[in-house]
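Have a look at the structure below before the remarks.
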């Protein structure tokens, strides 16, 4: 994956029609759509999860919080954080063996109810729902996955404000048997979760 590091950033200034009533928020609350609060995390597909996670951990200073380890010892997914929230970047094994693809971008909402409302909005407007609403076992995120018109997977999530405040936060490892049970309330992980990514695969290419 091609990454860019930057030092300076420009603070957002809302246009007049979006000026907030309170000066300590970036803009007025939108009166339409899902009304997401912020960008929450990015999940990349990877041929080698461990190598990508190690790069973030040892070169960029990320901390791992949770991971999936298969019976043979291979790391199939890893969640890492740069902040005090439980994860900012995720690497998930790409079952196609390809490299450099996006799994999803996630946007956080204020409440779980917002996720249920988002599912209704997606249904009403013809947006493809891949899976959810449901609750992840790993990180306990309440989720809904949809595809935007370009084919990218978007997660709308309520992460329940799980914060990592302890400097010695232990890495939580999930086994293959535990993951086979599905999500928190038993929903099974769908196969496209390990194969669909962007850019889409070229069927004529050698992966």
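Numbering (this note's numbering), first residue to last: 338 to 544. Every residue, glycine too, gets a C-beta built ideally from N, C-alpha and C.
- Per DSSP, residue 492 lies in no alpha helix (DSSP H); the unbroken beta strand (DSSP E) holding it starts and ends at 490–495.
- Comparing alpha-carbon positions, the option among 357, 396, 365 and 361 lying closest to residue 340 turns out to be 396.
- One thing to note: residue 473 has its Cβ within 8 angstroms of the Cβ of residue 521.
- Within the segment 453–523, the complete alpha helix (DSSP H) runs of at least 4 residues fall at 513–517.
- By the Cβ rule, the segment 401–411 does not count as touching the segment 357–376, because fewer than three pairs are nearer than 8 angstroms.
- Under the DSSP assignment, residue 369 falls outside any alpha helix (DSSP H); it carries neither an H nor an E label.
- By the C-beta density criterion, residue 415 is buried, having at least 16 other C-beta atoms within 10 angstroms.
- The beta carbon of residue 421 lies closer than 8 angstroms to those of 500, 501 and 502 in the same chain, with the five residues before and after it left out.
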